[in-house]
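Student:
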Amino acid sequence: MTVGLTTKMLAAGTVATTEAARCLADGGLVAFPTETVYGLGADATHPEAIARLYQAKGRPSFNPLIAHVADLAAAERVARFDATARRLAEAFWPGPLTLVLPKTLDCPVAALATAGLDTVAVRVPAHPVARDLLRQLGHPIVAPSANRSGHVSPTAAAHVASDLAGRIDLIIDGGPVSVGVESTIVGCFATPLLLRPGGTPRADIERVLGHTLARMPTPTSPAQDGQPLAPGMLASHYAPRTKVRLNADRLEPGEALLAFGPTLIAGSESAAATLNLSARGDVIEAAANLFSHLRTLDLAKARAIAVMPVPDDGLGEAINDRLRRAAVPQD
Ligand code: TXA
Ligand code: MG
Numbered sequence: 087m088t089v090g091l092t093t094k095m096l097a098a099g100t101v102a103t104t105e106a107a108r109c110l111a112d113g114g115l116v117a118f119p120t121e122t123v124y125g126l127g128a129d130a131t132h133p134e135a136i137a138r139l140y141q142a143k144g145r146p147s148f149n150p151l152i153a154h155v156a157d158l159a160a161a162e163r164v165a166r167f168d169a170t171a172r173r174l175a176e177a178f179w180p181g182p183l184t185l186v187l188p189k190t191l192d193c194p195v196a197a198l199a200t201a202g203l204d205t206v207a208v209r210v211p212a213h214p215v216a217r218d219l220l221r222q223l224g225h226p227i228v229a230p231s232a233n234r235s236g237h238v239s240p241t242a243a244a245h246v247a248s249d250l251a252g253r254i255d256l257i258i259d260g261g262p263v264s265v266g267v268e269s270t271i272v273g274c275f276a277t278p279l280l281l282r283p284g285g286t287p288r289a290d291i292e293r294v295l296g297h298t299l300a301r302m303p304t305p306t307s308p309a310q311d312g313q314p315l316a317p318g319m320l321a322s323h324y325a326p327r328t329k330v331r332l333n334a335d336r337l338e339p340g341e342a343l344l345a346f347g348p349t350l351i352a353g354s355e356s357a358a359a360t361l362n363l364s365a366r367g368d369v370i371e372a373a374a375n376l377f378s379h380l381r382t383l384d385l386a387k388a389r390a391i392a393v394m395p396v397p398d399d400g401l402g403e404a405i406n407d408r409l410r411r412a413a414v415p416q417d
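Every position in the sequence shown, counted from 1, becomes a number in this note's numbering once 86 is added.
1) Since Pro182 contacts Gly285 with CB under 8 Å, what's their CB separation in whole angstroms?
2) Pair every Cβ in the stretch 290–300 with every Cβ in the stretch 143–159, then say whether three or more of these pairs are closer than 8 Å.
3) Terminal residues of the continuous beta strand (DSSP E) containing Arg336?
4) So, is Ala97 buried or exposed, given that buried needs 16 or more other C-beta atoms within 10 angstroms?
5) Do Lys189 and Val208 come within 7 Å of each other at the CB atom, strictly closer than that value?
6) When the Cα atoms are used, what is the spatial distance from Leu401 to Gly224?
7) Can at least three beta-carbon pairs, one atom from the stretch 250–267 and one from the stretch 391–400, be found at a separation below 8 Å?
8) Am I right that Val164 and Val195 are in contact with their C-beta atoms under 8 Å? What's the rounded C-beta distance?
9) Apart from the five residues just before and just after Phe36, which ones in its own chain have a Cβ nearer than 6 Å to its Cβ?
10) Let me check one thing: in DSSP terms, what residues is Pro119 bridge-paired to?
11) Is Pro150 near ligand 2, with its Cβ less than 6 Å from a heavy atom?
12) So is the beta-carbon of Thr205 under 6 Å away from any non-hydrogen atom of ligand 1?
13) Compute the Euclidean distance between the alpha carbons of Ile254 and Thr92, then round it to the nearest angstrom.
14) Going by the C-beta, is Val186 closer than 6 Å to any heavy atom of ligand 1?
15) When you compare the stretch 244–254 with the stretch 116–127, are there three or more beta-carbon pairs, one atom per stretch, that lie closer than 8 Å?
16) So Arg163 is in the alpha helix (DSSP H); what residue range does that whole segment cover?
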């Protein structure tokens, strides 16, 4: 039972990395910074640790995890790369790209972490703390975002603590993350598929592939969840408790405003609270602010969070994907 643990918080550094690696090897759960969002790590070869991880997150166990590895050589022990996959790995790793690939025959990642699929999601993170931890542990680390299942992803150590204190062993505080949305996920099937837009813009991937990337449609109803290709693409996800209203062109009474760009919409003078994703209209800055602004506005007890339109280019595609999921009604 993970509930009732004392959760330690350590500032990033060699002491924290050493303690975290020992904790993971012993089957513990450690939250650590990556460049995208904070991850909740377990040793990928330790089935019991992975079971505790699902329990700590309250995550449906059909939802498979990403195996984080130190470099391409380590990734090749986990998954089989064809020429296209290798080209993507060489172009974007370390960085915010996850590849879904066939497992190797002797894949060290426990079956529980891949939810029984014969594919595995792998990524080499760019954050120095994540990389040091992977090198010191010497095993892949499976890590979903370090939030309770269905909540907004954490972009700072305090977000992790507010969701998971008492349920995990250790949090490494490496300050706020730089990217702010999760990795882009590409399924390396006969035709590569964009399974989740994220921190690596689609256009950059298409440039390396030399062709356009087909997109798995975003599910809009719970009935569409659990599709074999992307079992984790739950319709309602990344969700604050307050209702989210998209593409607002005027603010209704009692609403909080999540703004984008220099010009606010009509009615914004009376907002319950206002935060701007990027006053200068920059999607990169907006991605970095997205989840923490949603968390803050959720505390305003407003009738709804009205969100101004965000352009779909670059990281805008990932931002709009997360906003659409945040706006799906919760039960
Ligand atoms: O940036 C990120 O990717 C962060 C950091 C911590 O690395 N991690 C993250 O993990 O976002 P998580 O568990 O929140 O999202 C992983 C997604 C899920 O939607 C899951 O269903 C999908 O990856 N996934 C994992 N294995 C898969 C597989 N074999 N086939 C298809 N989708 C898979
Ligand atoms: Mg997540």
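Where is the CB? At the ideal position from N, CA and C, for every residue including glycine.
Everything numeric in this text was worked out from a predicted model, so none of it was measured.
Tutor: Straight from the coordinates:
1) 3 Å
2) no
3) No beta strand (DSSP E) contains Arg336, which DSSP labels as neither H nor E.
4) exposed
5) no
6) 32 Å
7) no
8) 6 Å
9) The structure shown does not extend to residue 36, since the chain is modelled only from 87 through 417, so no value can be given for it.
10) Tyr124
11) no
12) yes
13) 8 Å
14) yes
15) yes
16) Leu158 to Val164
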